[in-house]
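Read left to right, the sequence shown gives residues 169 to 506 (our numbering).
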Amino acid sequence: MITVRENIDLKPFNTFGIQARCDRWIDYTETSDIPEITKRYGTYRLLSIGGGSNLLFTRDFHGTIIHSRITGLKITKKGAVHTATIGAGERFDSVIDRCCDDGLWGIENLSGIPGDTGAAAVQNIGAYGVEIKDVIETVDCYDTLTGKFITLTCDDCGYGYRSSIFKNSDHRFIVTAITVRLNEKPSPRLEYAGLNNLSETGIRLTPHRVREEIIRLRDTKLPDPATIGNAGSFFKNPVLSAEEYDLFLKSAGGSGYTDIPHYDTPQGTKIPAAWLIEQSGFKGRITGNAGVWHKQPLVLINATGHATGQDITNLENEIIQSVYKNFGIHLHPEVEHI
Ligand SMILES: Cc1cc2nc3c(=O)[nH]c(=O)nc-3n(C[C@H](O)[C@H](O)[C@H](O)COP(=O)(O)OP(=O)(O)OC[C@H]3O[C@@H](n4cnc5c(N)ncnc54)[C@H](O)[C@@H]3O)c2cc1C
169 MITVRENIDL KPFNTFGIQA RCDRWIDYTE TSDIPEITKR YGTYRLLSIG GGSNLLFTRD
229 FHGTIIHSRI TGLKITKKGA VHTATIGAGE RFDSVIDRCC DDGLWGIENL SGIPGDTGAA
289 AVQNIGAYGV EIKDVIETVD CYDTLTGKFI TLTCDDCGYG YRSSIFKNSD HRFIVTAITV
349 RLNEKPSPRL EYAGLNNLSE TGIRLTPHRV REEIIRLRDT KLPDPATIGN AGSFFKNPVL
409 SAEEYDLFLK SAGGSGYTDI PHYDTPQGTK IPAAWLIEQS GFKGRITGNA GVWHKQPLVL
469 INATGHATGQ DITNLENEII QSVYKNFGIH LHPEVEHI
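This is the structure we're talking about:
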């Protein structure tokens with residue numbers, strides 16, 4: 169079913185709580201609605217959004233926003249391995265909850281991340297040492313360029329750190345469903361700081377136990393968008409090549425910084441953007457309507473509830489310039505600017 173509304177206030181549809189309008193908003197419930205929508209309204213300035221938890225509206229959107237309400241969770245079992253096919257419009261955290269209830273391992277570390285299932289695959293969401301690409305088998309989508317429904321394998325999706333073919337193709341693909349691989353056999357991922365003591369508590373570990381702990385940890389650090397507008401981590405953590413990292417260490421060491429946090433990844437050395445922002449003096453700083461969360465400086469907030477997209481981007485630019493001046497590292501936003 170297709171439901172069309174014109175001239176919509178987007179404030180309730182983005183977790184930053186930014187006031188902006190769009191010309192047209194369409195909810196749809198069936199995959200077959202998509203070709204109908206593109207036939208009626210074209211593909212120019214057609215934007216899929218989910219829960220709006222990784223977006224920043226910097227101005228009104230003159231185009232059509234489409235929102236999947238395709239639901240469904242179908243689990244099939246082959247031995248200990250289960251595959252779950254999930255409609256793009258399902259809230260991903262509810263799916264995690266249901267899979268944990270069934271004792272299935274694989275996505276519990278992604279607990280508490282807001283947003284819809286389609287977007288989870290677009291974003292390659294990640295937390296506590298797990299990314300969704302680790303369990304993705306296939307992604308079903310509609311290719312607006314060819315007008316065909318296609319199924320992509322995980323390799324086809326070109327996943328990287330918060331990136332994918334979907335993120336890099338100018339909204340060409342509309343995700344309709346994803347299939348993930350889960351396991352009955354316990355496979356907890358507890359390497360991440362804060363989780364490793366779980367295995368020492370003596371309580372039998374279940375996916376739900378891990379989920380609860382992750383939600384508890386997240387609640388201590390992150391603002392709830394229902395009360396303070398935000399879009400989670402605003403910046404990506406920079407990843408430096410060996411040569412860049414050497415240069416960075418020399419310059420930071422010369423400025424008196426020691427014990428700089430860092431993580432080795434296959435792509436290079438990851439420096440927490442939160443640390444760079446905190447050292448640049450922004451933690452907890454409020455500038456007009458926009459601010460930096462006092463418990464986690466990677467999160468920019470709509471401090472008064474009245475911030476405009478411009479208020480947030482002004483603060484964003486100030487942070488980027490300051491971190492560059494202090495450390496020679498250019499931060500890039502994770503949040504998509506519309
Ligand atoms: C408090 C908070 C905590 C967060 N923590 C994390 C975290 O730990 N890890 C993490 O990775 N992210 C985190 N995020 C960011 C965000 O929740 C994720 O990126 C999430 O996947 C976005 O889902 P959404 O449905 O809100 O997508 P939206 O913000 O609506 O859209 C995100 C992108 O996906 C595209 N998109 C949406 N639906 C579709 C579709 N069906 N087909 C094609 N494209 C589509 C949009 O065009 C856009 O490019 C957090 C956000 C908040 C507010």
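Even glycine gets a Cβ: it sits at the ideal position worked out from N, Cα and C.
ask   = Can you tell me where the beta strand (DSSP E) with residue 305 in it begins and where it stops?
value = 304-311
Review point. Could you give the distance in angstroms between the alpha-carbon of residue 377 and the alpha-carbon of residue 359?
Key: 16 Å
query = Cα-Cα, which of 208, 200, 201, 194 is closest to residue 215?
reply = 194
- Task: Measure the CB-CB distance between residue 504 and residue 375 and report whether it falls below 8 Å.
- Result: no
Quiz prompt | Limits of the beta strand (DSSP E) - the one that residue 261 falls within | solution = Premise fails: residue 261 lies in the alpha helix (DSSP H), 260-269, not in any beta strand (DSSP E).
Item to complete: Determine the contact status of residue 448 and residue 407, defining contact as a CB-CB distance below 8 Å.
Response: It is not a contact, given that the beta carbons lie outside the stated cut-off.
If we call anything under 8 Å between Cβ atoms a contact, is residue 238 one with residue 345?
The answer is yes: Cβ separation under 8 Å.
Tell me whether residue 290 counts as near ligand 1, meaning its Cβ is closer than 7 Å to at least one heavy atom of that ligand.
-> At least one heavy atom of ligand 1 is found less than 7 Å from the C-beta of residue 290.
query: Are there 16 or more other CB atoms within 10 angstroms of the CB of residue 431, so buried, or fewer, so exposed?
result: exposed
So if DSSP puts residue 222 in a beta bridge, which residue, or which two residues, is it bridged to? Under DSSP, no beta-bridge partner is assigned to residue 222.
Start-to-end residues for the alpha helix (DSSP H) that takes in residue 389: 375-389
| request: Could you give the DSSP three-state label for residue 209: helix, strand or coil? | output: If DSSP states are grouped into helix, strand and coil, residue 209 belongs with the helices.
How many Å lie between residue 191 and residue 460 at the Cα?
31 Å
Problem set entry | DSSP-derived helix/strand/coil call for residue 322 | For residue 322, the three-state secondary structure derived from DSSP is coil.
| message | Could you give the first and the last residue of the continuous alpha helix (DSSP H) run that contains residue 427? | response | Counting along the chain, residue 427 falls outside any alpha helix (DSSP H), and DSSP gives it neither H nor E.
8 Å Cβ cutoff met for residue 462 and residue 452 = yes
- Message: Let me check understanding here. Comparing Cα to Cα, which of 332, 366, 308 lies closest to residue 342?
- Response: 308
- Query: Three-state secondary structure (DSSP) at residue 300?
  - Reply: helix
Open item on the list: Could you pull the DSSP bridge partners for residue 317 from this structure?
Closed with: 310
Looking at ligand 1, does it come within less than 7 Å of residue 504, judged from the CB to the closest heavy atom?
The answer is yes for residue 504.
In its own chain, which residues sit with a C-beta less than 8 Å from the C-beta of residue 443, not counting the 5 before and 5 after it?
428, 429
Self-check item: Buried versus exposed, by CB contacts within 10 Å (16 or more), residue 391
Solution: buried
Taking 8 Å as the cut-off, does the region 205-225 touch the region 304-321 (at least 3 CB pairs, one atom from each stretch)? yes
Problem - C-beta contact flag for residue 251 and residue 330 at 8 Å - result: no
Q) Can we count residue 302 as close to ligand 1, meaning its CB is less than 7 Å from some heavy atom? A) Answer for residue 302: no, Cβ out of range of ligand 1.
Does at least one heavy atom of ligand 1 sit under 7 Å from the Cβ of residue 334? Residue 334 has its Cβ nearer than 7 Å to a heavy atom of ligand 1.
Just reading off the beta strand (DSSP E) that residue 401 is part of, what are its end residues? 397-401 is the span of the beta strand (DSSP E), which, as asked, contains residue 401.
>> Threshold first: 3 residues or longer. Then list the beta strand (DSSP E) segments lying entirely within the region 335-364, N to C.
In response: 341-351
Beta carbon of residue 215: closer than 7 Å to some heavy atom of ligand 1? yes
Can you say whether residue 291 is buried or exposed, counting buried as having 16 or more other CB atoms within 10 angstroms of its CB?
buried
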